[in-house]
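*Asks:* With this note's numbering applied, the sequence shown corresponds to residues 205 to 386, in that order.
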Amino acid sequence: MKKILLLLFLVLSCVGRAQTKPVKPFEFEFTTGVCMPLGAYHNGDALETPVLAMNLRYNIKNTPWSCGFLWQIDSARRDFWHNKADKWQNNRTISLALTGEYNWGQGKKVNPFAGISIGAGFNQTIGDSFIDEREGASLAFIPKIGVELWHFLRVNTHLQLSRKGFHTYGFSLGFVLGGRPR
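1) Please return the same chain residues whose Cβ sits closer than 6 Å to the Cβ of E233, not counting the five positions on each side in sequence.
2) Taking E344 as the reference, which of T235, C239, Q276 has the closest Cα?
3) With DSSP as the reference, identify every bridge partner of K348, one or two as the case may be.
4) Spell out the partners DSSP gives E231 in its beta bridges.
5) How is the beta strand (DSSP E) around L251 delimited, first residue to last?
6) Mind reading off the beta-carbon distance from N307 to P268? Whole number of angstroms is fine, and I expect it under 8 Å.
7) Is it buried or exposed for R384, if we count other Cβ within 10 angstroms and need 16 for buried?
8) Out of K312, T253, F326, L363, state which residue places its alpha-carbon closest to the alpha-carbon of V351.
9) Quick check on the burial criterion: 16 or more other C-beta atoms within 10 angstroms. Buried or exposed for N360?
10) Kindly list the residues whose CB is nearer than 6 Å to the CB of F370, restricted to its own chain and excluding five residues on each side of it in sequence; keep chain order.
11) Leaving out five residues on either side along the sequence, give the residues of the same chain with a beta carbon under 8 Å from the beta carbon of A341.
12) Which residues in the same chain as A250 place their Cβ atom closer than 7 Å to its Cβ, once the five residues preceding and following it in sequence are excluded?
13) Count the other C-beta atoms from every protein chain shown that fall within 10 angstroms of the C-beta of A244, then say buried if there are 16 or more, exposed otherwise.
14) Would you mind working out which of G374, N315, H246 sits nearest L357, comparing C-alpha positions?
15) Helix, strand or coil, according to DSSP, for R367 in the structure here?
16) Excluding sequence positions up to five away, which residues of its chain have a Cβ less than 8 Å from the Cβ of I264?
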């Protein structure tokens with residue numbers, strides 16, 4: 205799965221040439237949406253949970269690239285039925301990562317983008333702790349694709365890959381301050 209995603213991002217970054225317009229160098233994004241656990245885990249039933257993220261990016265002058273820092277919270281919540289009792293477990297990951305993005309229409313009203321974030325994922329178990337999980341840190345890998353509309357609204361989907369039982373995929377809406385055309 206990871207190899208397929210990496211190949212997809214490499215192909216997307218090579219297809220087409222980005223058209224850039226001068227934009228302001230810094231932008232801040234606040235994102236909220238929903239995420240779901242990725243993959244099966246001890247026969248638990250997957251449930252959706254909120255995802256929250258903040259992203260500070262620097263738009264590299266005269267290029268379609270941006271780089272920055274990401275803070276994101278994802279949760280892989282599952283219901284477990286044991287002895288006819290409903291138990292749930294929420295495997296939460298707080299990610300602190302460096303991020304890079306490629307923008308196909310930077311400075312335009314419709315700007316498709318793809319990005320990858322790599323950093324630390326801090327894993328915690330919340331709830332009934334039906335499956336005993338060790339809390340700690342892991343490598344977090346977060347690929348993302350989406351589109352920015354009207355210079356302030358971002359619609360995107362992402363994967364958060366950190367540790368078995370903690371992986372998620374999500375859909376979110378982001379609100380951007382800064383980064384507008386000059």
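No residue lacks a Cβ here, since even glycine has one placed at the ideal position from N, Cα and C.
Predicted model only: the values in this text are computed from it and were never measured.
*Replies:* Looking at the atomic coordinates:
1) For the purposes of this step, residue 233 is taken as residue 29 along the sequence shown, with counting starting at 1. Contacts found: N259, G378, V380.
2) For the purposes of this step, residue 344 is identified with residue 140 of the sequence shown, where counting begins at 1. Note on residue identity: the sequence assigns Ala, not Glu, to residue 344. Of the candidates T235, C239, Q276, the one whose C-alpha sits nearest the C-alpha of A344 is Q276.
3) Reading the sequence shown from its first residue, position 144 is the one you call residue 348. In DSSP, K348 forms a bridge with G319, H362.
4) Residue mapping note: residue 231 aligns to position 27 of the sequence shown, counting from 1. Beta-bridge pairing links E231 to R261, G382.
5) Counting from one through the sequence shown, the residue named residue 251 turns up at place 47. Element bounds for L251: 249-251.
6) Counting from 1 along the sequence shown, the entry for residue 307 is found at position 103. Counting from 1 along the sequence shown, the entry for residue 268 is found at position 64. With a contact defined as Cβ atoms closer than 8 Å, N307 and P268 qualify at about 5 Å.
7) For the purposes of this step, residue 384 is taken as residue 180 along the sequence shown, with counting starting at 1. Per the 10 Å Cβ criterion, exposed.
8) Working through the sequence shown from its first residue, we reach residue 351 at position 147. Minimum Cα distance to V351 is reached at K312.
9) Counting from 1 along the sequence shown, the entry for residue 360 is found at position 156. Answer is buried; the Cβ neighbour count reaches 16.
10) Translated into the one-based positions of the sequence shown, residue 370 becomes position 166. Correct list, in chain order: A280, N295, T297, N327.
11) Sequence index remark: in the sequence shown, residue 341 carries index 137 (1-based). Around A341: A324, G325, F326, N327.
12) Walking along the sequence shown from the start, residue 250 turns up at place 46. So the qualifying residues of the chain are M240, P241, R282.
13) Reading the sequence shown from its first residue, position 40 is the one you call residue 244. Of the other Cβ atoms in all chains shown, fewer than 16 fall within 10 Å of the Cβ of A244; this residue is therefore exposed.
14) On the sequence shown, position 153 is the one that residue 357 refers to. Per the Cα distances, N315.
15) Indexing the sequence shown from 1 puts residue 367 at position 163. DSSP places R367 in coil when its eight states are reduced to three.
16) As a working mapping, residue 264 is identified with position 60 in the sequence shown. For I264, where only same-chain residues beyond five positions count, the Cβ hits under 8 Å are S270, C271.
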